[in-house]
Amino acid sequence: MSALHHIYNLKLLLSMIRALNCSKGARTIAARCALDSSRNSARLPSPCGYHASAARLTVATTPGKNTTGMAEKYILNTYVRPPIVLSHGKGSYIYDTDGKEYLDFTAGIAVTALGHSHPEVAAAVADQATKLVHCSNLYHNQWAPKLAGEIVEATLAAYPQGTQGIYAKATDGKNNAGLARVFFSNSGTEANEGALKFARKYGKHVAETGVLGKGTSEALRGDPNLKSNIVSFTGGFHGRSMGALSVTANPKYQKPFTPLIPGVQTAKYNSTGEIGAFVDERTCAVIVEPMQGEGGIHTANVDFLRALRRRCDQVDALLIYDEIQCGLGRTGALWAHQLFPQDCSPDLLTMAKPLANGIPIGAILASSKVAALINVGDHGTTFGGNPLACRVGSLVLGHIKDAEFLKHVRTAGEVLEQELTRGLSQYLGNAVVELRGTGLLRGIQLSSDPTKVIDLARQRGLLLVGSAGNTVRLVPPLNTSIEDIKRGASILIDSVKQFVAEQSTK
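Counted the way mature numbering (1 follows the signal peptide of the UniProt record, and there is no 0) counts, the sequence shown spans residues -19 to -1, 1 to 487.
Here it is as structure tokens:
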């Protein structure tokens, strides 16, 4: 390691420590940007703590010419990666080992909500690493209950008088708090696995006790295995483990690993007419994304979610919302389902990606009626709820739930939509099929494979990620400045234009 690297690391640590003593930590950016004496491309930060790209960080890097070769030799071949090696990032920008700068509209697939190397996140990680990173769930730590309480309170604040699902108060004495409760995991997949397990237990409870919803037949009474079916939807993506994969209705992902778990049925997304046929008295749960990310950026219809809620109530099944990608501010609301009427509320809500800005974490928010059924030993995790992840999660949630922060997401989303609509209007109906999305979860459906457009954008300095149905997905950090939103849109528009021009000459 070079002397410059040693100096940089020392000063970075000092800046992290100093950041603990200020409310936003934004002033530390200037100190960090000044460290690179060899290249003066960094910009001074804006006083506004909401804009991730207020300053760009450039540090000396060691070329990673052997990295791709080592990856091919030692890492399982489960991803197709471009021939670049990323080394560091700052705000909405990320850099490769050759020093090239990219505007990041992937955010690690909707993960780094506050951008890369956020000074407060860095400071919290550095400080917590000197105190307690892990202690298991055999003991309490101070950060897990704090974050859980903040998730519950921030969620309930949207519907303080709510009576459905996670917003309902307990009707029995077991759940003393009378509110929804949280289970922490390490990822979105794990959160969905836990939600499916809780739903299966709920189904057993209903079948065994005879506490049946309206319209449920007597045939279920006394047989704990009859109410175990789970309904998922076309285009949904819920994870790669066996349970989550079983409710991910994509043959490309499922086929190599069949047989999957039994009792899963797949209905058509946004098809209200199919709900009655699929969700019946044998159903213990329905799992759905209010906004599909991997499935091509499709938003649920209000009537669809309302009908799901109503049908789940009729047959005493649980409604699970997977908001791992669309939740936590991505749509401009804390939760995507909060853009819908209150009578669309879920019984279980899963979350993960942005909650700790890249530190692995997942969580389930379970309604009081579900929480009342979960006993010691029903579920567990070694790493879930560790103090490091939960401390960072508390910090990130503090930013995301802020009204001005969410307003910025909505404004940035509107600007992005306006720029793309104006720049791509001439291609709509031809090369561009449709523009979709809300907030900073956007998709551009093309008439052909989007890989070439994504490659052209990367060559121009913009990172993008694909989605199903020939869709380019745009999920930048939530605090990306309006200036950089426009810059990213411009690069994407130019990339589409180049792609169309090249196609026309073939």
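Cβ atoms here follow ideal geometry from the backbone N, Cα and C, with glycine treated the same way.
Local Cβ density within 10 Å of residue i, reported as buried at 16 or more and exposed below that
i           : result
H115        : exposed
F165        : buried
M272        : buried
G169        : buried
residue 488 : Look at the range of the chain in this structure, -19 to 487, and you will see that residue 488 is not part of it.
F179        : buried
residue 488 : No answer is possible for residue 488: it lies beyond the span of the chain, which begins at -19 and ends at 487.
N411        : exposed
I355        : buried
P63         : exposed
G50         : exposed
M223        : exposed
V454        : Checking the sequence, you will find Arg at residue 454 rather than Val. Buried, since its Cβ has 16 or more Cβ neighbours within 10 Å.
F86         : buried
P431        : buried
P243        : exposed
F480        : buried
F285        : buried
Beta-ladder partner(s) of residue i, from DSSP
i    : result
I211 : V245, A266
G343 : S166
T331 : D303, I345
L336 : According to DSSP, which records beta bridges pairwise, L336 is partnered with nothing at all.
M272 : T280
H97  : G72
S448 : T452
Y83  : I75
A230 : T215
R423 : G418, L455
L409 : V413
Supposed contact pair residue j and residue i - C-beta distance, whole angstroms, cut 8 Å
i    : j    : result
G450 : Q426 : 6 Å
V267 : A298 : 6 Å
N231 : F218 : 7 Å
P457 : A88  : 6 Å
L160 : L378 : About 17 Å; that fails the 8 Å criterion.
Q145 : Q323 : 7 Å
A333 : A172 : 6 Å
I75  : Y83  : 5 Å
I463 : G404 : Not quite, the Cβ-Cβ distance comes to about 16 Å (not below 8 Å), so this is no contact.
T264 : V212 : 6 Å
Endpoints, the alpha helix (DSSP H) within which residue i is located
i    : result
V187 : 169 to 190
S227 : 223 to 227
R468 : 463 to 485
G216 : From DSSP, G216 is part of no alpha helix (DSSP H); its letter is neither H nor E.
R391 : 384 to 405
L137 : 124 to 137
L459 : Here L459 belongs to no alpha helix (DSSP H), and DSSP marks it neither H nor E.
S252 : Neither: S252 is in no alpha helix (DSSP H) and is coded neither H nor E.
A371 : Reading off the sequence, residue 371 comes out as Cys, not Ala. From DSSP, the alpha helix (DSSP H) with C371 extends over 368 to 381.
I90  : 88 to 91
K54  : 48 to 55
Limits of the unbroken beta strand (DSSP E) element including residue i
i    : result
K71  : 67 to 71
R441 : Note, R441: premise wrong, no beta strand (DSSP E); not H, not E.
G418 : 413 to 419
Q145 : Per DSSP, Q145 belongs to no beta strand (DSSP E) and is neither H nor E.
G361 : Careful: G361 lies outside any beta strand (DSSP E) and carries neither H nor E.
R62  : Here R62 belongs to no beta strand (DSSP E), and DSSP marks it neither H nor E.
Chain D within 8 Å of residue i, Cβ atoms only
i    : result
K467 : Chain labels in this structure do not include chain D; a single protein chain is all it has.
* Could you tell me whether the stretch 243 to 253 touches the stretch 380 to 400, using the rule of 3 or more Cβ pairs below 8 Å? => The stretch 243 to 253 vs the stretch 380 to 400: no contact.
* Are three or more beta carbon pairs between the stretch 358 to 373 and the stretch 326 to 346 nearer than 8 Å? -> Of all C-beta pairs linking the stretch 358 to 373 to the stretch 326 to 346, three or more are shorter than 8 Å, placing the two stretches in contact.
* If you pair each beta-carbon of the stretch 454 to 470 with each one of the stretch 282 to 298, do three or more pairs fall below 8 Å? -> These segments do not touch.
* Asked: So does the stretch 358 to 367 actually touch the stretch 313 to 327, counting three or more Cβ pairs closer than 8 Å?
  -> They do not touch, by the three-pair rule.
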